[in-house]
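Trainee: Quick note: to get my numbering, add 19 to the position in the sequence shown (first position is 1).
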Amino acid sequence: MNGDLRSIDVGGAHLASSAGDGRTGQIAIEGLSKTFDGSTVVSDLDLLVRDGEFISLLGPSGCGKTTTLRCIAGLEQPSAGRIAIGADVVTDTRRDIFVPPNKRRLGMVFQSYALWPHMSVFGNIAYPLRLQKRPAGEIRKRVIDALALVGLDHLANRGVSELSGGQQQRTALARALASEPRVLLLDEPLSNLDASLRAHMRAELRRIHREIGTTAVYVTHDQLEAVTLSTRIAVMNQGRIQQIGAPREIFATPASRWVAEFVGFENFLDVEVLERSGDRARVRPRDWPITLMCRTASGDSTLRAGGRAILAVRSTAFQAGAGGDTDSVDGTLEDVVYMGEVTEFTVNAYGSRLRVRMIDPGSETHELEAGRPVTLRVSPHHAVALPCPA
Numbered sequence: 020m021n022g023d024l025r026s027i028d029v030g031g032a033h034l035a036s037s038a039g040d041g042r043t044g045q046i047a048i049e050g051l052s053k054t055f056d057g058s059t060v061v062s063d064l065d066l067l068v069r070d071g072e073f074i075s076l077l078g079p080s081g082c083g084k085t086t087t088l089r090c091i092a093g094l095e096q097p098s099a100g101r102i103a104i105g106a107d108v109v110t111d112t113r114r115d116i117f118v119p120p121n122k123r124r125l126g127m128v129f130q131s132y133a134l135w136p137h138m139s140v141f142g143n144i145a146y147p148l149r150l151q152k153r154p155a156g157e158i159r160k161r162v163i164d165a166l167a168l169v170g171l172d173h174l175a176n177r178g179v180s181e182l183s184g185g186q187q188q189r190t191a192l193a194r195a196l197a198s199e200p201r202v203l204l205l206d207e208p209l210s211n212l213d214a215s216l217r218a219h220m221r222a223e224l225r226r227i228h229r230e231i232g233t234t235a236v237y238v239t240h241d242q243l244e245a246v247t248l249s250t251r252i253a254v255m256n257q258g259r260i261q262q263i264g265a266p267r268e269i270f271a272t273p274a275s276r277w278v279a280e281f282v283g284f285e286n287f288l289d290v291e292v293l294e295r296s297g298d299r300a301r302v303r304p305r306d307w308p309i310t311l312m313c314r315t316a317s318g319d320s321t322l323r324a325g326g327r328a329i330l331a332v333r334s335t336a337f338q339a340g341a342g343g344d345t346d347s348v349d350g351t352l353e354d355v356v357y358m359g360e361v362t363e364f365t366v367n368a369y370g371s372r373l374r375v376r377m378i379d380p381g382s383e384t385h386e387l388e389a390g391r392p393v394t395l396r397v398s399p400h401h402a403v404a405l406p407c408p409a
């Protein structure tokens, strides 16, 4: 950046993404822990968020993702750990450093939006700037620019109680952006919207992030939101990061059985590793007469020929019929459930029960009933060998 402001002009909007004093939006978290009433919610967490990236903290309820976000924001004081934003150490429990939220130059969008119902759209966005005693002309320009960026400039004088859910969400986002934060924090901001509005707002958030380049940390339990929005995803469980990587890496090559189950793998087989070459392996499931090709778990260096592993296979990895360059599995249909666009099968293959889903099974399975034999092709791109639990 060479110390200069990065900015964007879009339809009259001109918002800077980081300060001109060299302080970037990189976030470095080291050894972060947080305990509530003797219960550890975040445990010795390390995370580096690169300047300008969009990272999602993804995990089930209670995994510690919101607490981590609140510690970054300064809304919670960690029990232990260090947090630096750019060159500024904002939390360090060993040195008794704790910078209050209003001094961290962050923008935050809450799940509830936290709008003042008695104020107009303009007033909601301007209020934090007025508390900072900004000049009136600067406040007006920042508010107008932020409204233009989120597409609400025509609603500046409308009361927030008259807005739709999507418009309220965009007002909260504009308020967070108007202060030109070096980091934008978002805590499940789309969870109160219906499905169609969520899809629209995902597209809007992607556009805005591309245009202003502000570092963003996004908390969600929704995998679709994380995949479509993020540069990287940190999958959390029980206060720890289980895996971090690009969305495709997380969903194609999970690092553990827990992550695989969380991101939708449904079939798990105990296998022997016959050979490994780079990120590919050939394995033999226990009691099966055949072998299968698969991927290897992200970052796993323990998988070796002669060892044991867990083979995770997505239900969508199967196609009907033999042939091609994929491995074939013979089995017996135990159940067939037509679900509209998807047909779900339960298949007994060599004593293992497999869950299979096909969008268009084809003529090979249209007339099949429980008890009939079936042959399935298995895509190695949707099967991954995972390390056995210690």
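Built from N, CA and C at the ideal position, the CB exists for glycine as well.
What's the gap between the Cα of R201 and the Cα of K160?
Mentor: Cα-Cα distance, rounded: 19 Å.
Trainee: When the Cα atoms are used, what is the spatial distance from R194 to Y132?
Mentor: The alpha-carbon atoms of R194 and Y132 are separated by roughly 10 Å.
Trainee: Restricting to Cα atoms, I'd like to know which of T335, N143 and Q262 is closest to V375.
Mentor: Taking only the C-alpha atoms, the option nearest V375 is T335.
Trainee: Please report how far the alpha carbon of L168 lies from the alpha carbon of P308, in whole angstroms.
Mentor: Between L168 and P308, the C-alpha separation is close to 60 Å.
Trainee: Considering Cα atoms alone, identify which of L248, V356 and C407 is closest to G326.
Mentor: Nearest of L248, V356 and C407 to G326, Cα basis: C407.
Trainee: Please confirm whether D490 and A389 have their CB atoms less than 7 Å apart.
Mentor: The displayed coordinates of the chain run from 20 to 409. Any statement about residue 490 would go beyond what the structure contains.
Trainee: Give me the residue from L192, D111 and A214 with the minimum Cα distance to I227.
Mentor: That would be L192, whose Cα lies nearest to the Cα of I227.
Trainee: Which class does T110 belong to by DSSP, given the choice of helix, strand or coil?
Mentor: Reduced to three states, the DSSP call for T110 is strand.
Trainee: Which value, in whole angstroms, describes the spacing of the CA atoms of M312 and L248?
Mentor: Taking the straight line joining both Cα atoms gives about 31 Å.
Trainee: Would you report the Cα separation of D40 and D70, rounded to the nearest angstrom?
Mentor: The predicted model places D40 with a pLDDT of 42, which falls under 50 and marks its position as unreliable; any figure quoted below should be read in that light. Cα-Cα distance, rounded: 15 Å.
Trainee: What are the partner residues of N121, as DSSP defines its beta bridges?
Mentor: Its beta-bridge partners do not exist; DSSP assigns none.
Trainee: List the residues that DSSP assigns as beta-bridge partners of L77.
Mentor: According to DSSP, which records beta bridges pairwise, L77 is partnered with T239 and V254.
Trainee: Less than 7 Å between the beta carbons of V100 and G50, yes or no?
Mentor: The question names Val, yet the displayed sequence has Gly at residue 100. Taking 7 Å as the Cβ cut-off, G100 and G50 qualify as a contacting pair.
Trainee: Label N176 either buried or exposed according to how many other C-beta atoms from any shown protein chain fall within 10 Å of its C-beta, with 16 as the threshold for buried.
Mentor: Exposed.
Trainee: Just to confirm, is the Cβ distance from E209 to A92 under 7 Å?
Mentor: Residue identity differs from the one stated: residue 209 is Leu in this sequence, not Glu. No.
Trainee: Could you check which residue in V109, L134, T310 and D115 has the C-alpha nearest to that of L125?
Mentor: The shortest C-alpha separation from L125 is found at V109.
Trainee: Give the straight-line distance between the Cα atoms of R301 and R295, rounded to the nearest whole angstrom.
Mentor: Taking the straight line joining both Cα atoms gives about 6 Å.
Trainee: Please determine if the segment 65-85 and the segment 238-256 are in contact, where contact requires at least 3 C-beta pairs separated by less than 8 Å.
Mentor: Touching, per the Cβ criterion.
Trainee: Could you please give me the residues that DSSP links to L67 through a beta bridge?
Mentor: Paired residue(s): A47.
Trainee: If you draw a straight line from the C-alpha of S80 to the C-alpha of A235, how long is it?
Mentor: Cα to Cα, the separation comes out at about 21 Å.
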